[in-house]
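Chemist:
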Amino acid sequence: MKLPSKYIALVVILSLAAIFAYQAYWLVNLYRTQRQAVERNINEALRMSDYNEIILRIDRLNRDSTEHGEVSVNAGFNNDTPYVESRTIVTEQKGDSTLINLTQQTMKDTAHMQSSLHTSDMGFLFGRKNTMQELAAYFQRGLHGGLDVLNDPDFQAYDSLLAEELRQVDITADYHLEHLHRGATYDSSYVFTDTLAVGGTQGYVPSPRAVTYDYAYDLHYHWIYRLTMEPVDGLVLRQMAGILATSAFILVVLGFSFWYLIRILLRQRTLEEMKDDFTNNITHELKTPIAVAYAANDALLNFGADADAAKRNRYLHICQEQLKLLGGLVEQILSLSMERRRTFRLHPTTFAVGEAIAPLIEQHRLKADKPVDIALHITPPDLTVTADRTHFCNIVSNLLDNAIKYSPKKAEVEITSHKQEMYTVISVRDHGIGIPHDKLPRVFDKFYRVPTGNRHEVKGYGLGLFYVKTMVEKHGGTVEAHSETGQGSEFIIKLSRMEDEE
Numbered sequence: 000m001k002l003p004s005k006y007i008a009l010v011v012i013l014s015l016a017a018i019f020a021y022q023a024y025w026l027v028n029l030y031r032t033q034r035q036a037v038e039r040n041i042n043e044a045l046r047m048s049d050y051n052e053i054i055l056r057i058d059r060l061n062r063d064s065t066e067h068g069e070v071s072v073n074a075g076f077n078n079d080t081p082y083v084e085s086r087t088i089v090t091e092q093k094g095d096s097t098l099i100n101l102t103q104q105t106m107k108d109t110a111h112m113q114s115s116l117h118t119s120d121m122g123f124l125f126g127r128k129n130t131m132q133e134l135a136a137y138f139q140r141g142l143h144g145g146l147d148v149l150n151d152p153d154f155q156a157y158d159s160l161l162a163e164e165l166r167q168v169d170i171t172a173d174y175h176l177e178h179l180h181r182g183a184t185y186d187s188s189y190v191f192t193d194t195l196a197v198g199g200t201q202g203y204v205p206s207p208r209a210v211t212y213d214y215a216y217d218l219h220y221h222w223i224y225r226l227t228m229e230p231v232d233g234l235v236l237r238q239m240a241g242i243l244a245t246s247a248f249i250l251v252v253l254g255f256s257f258w259y260l261i262r263i264l265l266r267q268r269t270l271e272e273m274k275d276d277f278t279n280n281i282t283h284e285l286k287t288p289i290a291v292a293y294a295a296n297d298a299l300l301n302f303g304a305d306a307d308a309a310k311r312n313r314y315l316h317i318c319q320e321q322l323k324l325l326g327g328l329v330e331q332i333l334s335l336s337m338e339r340r341r342t343f344r345l346h347p348t349t350f351a352v353g354e355a356i357a358p359l360i361e362q363h364r365l366k367a368d369k370p371v372d373i374a375l376h377i378t379p380p381d382l383t384v385t386a387d388r389t390h391f392c393n394i395v396s397n398l399l400d401n402a403i404k405y406s407p408k409k410a411e412v413e414i415t416s417h418k419q420e421m422y423t424v425i426s427v428r429d430h431g432i433g434i435p436h437d438k439l440p441r442v443f444d445k446f447y448r449v450p451t452g453n454r455h456e457v458k459g460y461g462l463g464l465f466y467v468k469t470m471v472e473k474h475g476g477t478v479e480a481h482s483e484t485g486q487g488s489e490f491i492i493k494l495s496r497m498e499d500e501e
């Protein structure tokens, strides 16, 4: 059972829509994942820059140990107490050893840590990745508290380290960096934020859409590095450029493939319909001369028509005419079949155009069932053409036949031929019913006939113009159709001239 074309097209369109929807869903999720990764990288860059700045300060202090002694900073907590401790130890190497021990304590179940560290089960802590990361960050803040007692953070170094960390994760956007101190009065009636230093990309001014990322580096969340930069949407899209381009290319290829598939299916369906019409038409065309010849032959054999010489001759002429008609139909079908074979060959000769066309005009005048007026104009009169004479005559005959058939009452046809640069031009023009503009591009298709609704006044099987175009192209020429509905049609053939033609 054949599925209707509309159902096939519907299935294809729904399939394509599903693929587009899934691809869009996948890309959106990928975008969100990439965006989260970029934001994590930014926050991690803030933390790692702070860590590296701590290391730089410790190294600097140790290099200057002759002035202030050796410095060690550590942080930790005891399961038996609710505090996280940061400890700074300064050992002076002059005479007797002097130990200075500065210790700070901070409640370890703060709002930032209570979900992660509110347990004394260390095995549980070390088994959770997020908890370990928070624990490391908390220890880093503890180290900060111990080190900052001796030396303030180096904001310029932090700025340089941050730029390098961002570059390492392919984030090269401009940014604005601030060093802030956030505090409050004793009774918390007033909260303030002081800007201690400003850095970042020179000349960059954040827009209203800019996004801020805060990193608090002390245990009390009072000292903050604030990074301000434009939204990372453009950065994420640039990082996804290859994936987006590949996805777009795949979608375009799929869309084109589905469109081409639908086009082929519809074309095949149309071709099947035209073949069915051709079969019906050609069957009728073949049956008519057979039936007429059979009736004439039956009259001669069974009804004594052979006894009358006049009747016998008339019936025999009828048989001959019908057999000629039948032979012509078969010959044209065979010609269309032959032109597709590799062994098909034209036999070109040079002959006068008028000499070949004049007999065709007489033949069509004699067999026409309506008044026919055919005018022939050739310039110069001895104009020649190099072509296969048989097929040339069939081409012109087909055009003449159409011009007469599609003229309503009286057929007025004009045939002209002339030289045009390196071509011999033959034009066949009529004043018939014409062809609609939207149907003109298909008139040369195999089996195609211009729809006429339920009217079938004109016999045909959709091969005549296809034969004309095929044979003209075999000769290396071109054929064009021009028409206006109700005013007639004109078919123009151009055949290349040989060097020896006059």
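Residue numbers (numbering that gives the first Met the number 0): 0 to 501. In this text, a Cβ means the ideal position worked out from N, Cα and C, and glycines have one as well. Note that the structure is predicted; figures quoted are calculated from it, not measured.
Could you tell me the alpha carbon to alpha carbon distance between Ser426 and Val352, rounded to whole angstroms?
Modeler: The alpha-carbon atoms of Ser426 and Val352 are separated by roughly 12 Å.
Chemist: Rounded to whole angstroms, what is the Cα-Cα separation between Ile12 and Ile261?
Modeler: If I take the Cα positions, the gap works out to 9 Å.
Chemist: Between the Cα of Asp400 and the Cα atoms of Ala308, Arg266 and Val467, which residue gives the shortest distance?
Modeler: Of the candidates Ala308, Arg266 and Val467, the one whose C-alpha sits nearest the C-alpha of Asp400 is Val467.
Chemist: What are the residues that DSSP puts in a beta bridge with Ala215?
Modeler: Answer is Ile223.
Chemist: How do the segment 417-431 and the segment 358-369 stand: do at least 3 beta-carbon pairs fall below 8 Å, yes or no?
Modeler: No, the segment 417-431 does not touch the segment 358-369.
Chemist: Between the Cα of Thr484 and the Cα atoms of Leu439, Leu464, Val478 and Arg496, which residue gives the shortest distance?
Modeler: Nearest option by C-alpha distance: Leu439.
Chemist: Using 10 angstroms around the beta-carbon of Phe191, count the other beta-carbons present and answer buried if the total reaches 16, otherwise exposed.
Modeler: So Phe191 counts as exposed.
Chemist: Report yes or no: do three or more beta-carbon pairs, one from the segment 244-262 and one from the segment 40-47, lie closer than 8 Å?
Modeler: Flag = no, the segment 244-262 and the segment 40-47 do not touch.
Chemist: Does the segment 310-321 come close enough to the segment 289-298 that 3 or more CB-CB pairs lie under 8 Å?
Modeler: With a cut-off of 8 Å, the segment 310-321 and the segment 289-298 count as touching, because enough Cβ pairs lie within range.
Chemist: Could you check whether Ile281 and Leu328 sit closer than 9 Å to each other, using their CB atoms as the reference points?
Modeler: In contact: Leu328 and Ile281 (Cβ atoms closer than 9 Å).
Chemist: The alpha helix (DSSP H) with Tyr466 in it runs from where to where?
Modeler: Gly463 to Lys473 is the extent of the alpha helix (DSSP H) around Tyr466.
Chemist: Leu375 and Thr415: beta carbons closer than 9 Å?
Modeler: Yes.
Chemist: Any idea what DSSP makes of Ile12, helix, strand or coil?
Modeler: Reduced to three states, the DSSP call for Ile12 is helix.
Chemist: So, with DSSP's three-state summary, where would you put Gln486?
Modeler: Three-state DSSP puts Gln486 in coil, outside helix and strand.
Chemist: Between Arg166 and Tyr157, what straight-line distance do the alpha-carbon atoms span, to the nearest angstrom?
Modeler: Approximately 14 Å between the Cα atoms of the pair.
Chemist: The alpha helix (DSSP H) spanning Glu539 covers which residue range?
Modeler: Outside the displayed range of the chain (0 to 501) lies residue 539, so it cannot be described from this structure.
Chemist: Span of the beta strand (DSSP E) holding Glu177?
Modeler: That run of the beta strand (DSSP E) goes Tyr174 to Ala183.
Chemist: Locate the alpha helix (DSSP H) running through Pro435, then write down its first and last residues.
Modeler: Element bounds for Pro435: n/a, residue is neither H nor E.
Chemist: Between the alpha carbons of Asp429 and Lys493, how many angstroms are there, rounded?
Modeler: Going by the C-alpha atoms only, they are around 18 Å apart.
Chemist: Which residues bound the alpha helix (DSSP H) around Pro358?
Modeler: Here the alpha helix (DSSP H) through Pro358 covers Val352 to Lys366.
Chemist: Would you list the one or two residues that DSSP bridges to Pro347?
Modeler: BP columns for Pro347 point to Asp387.
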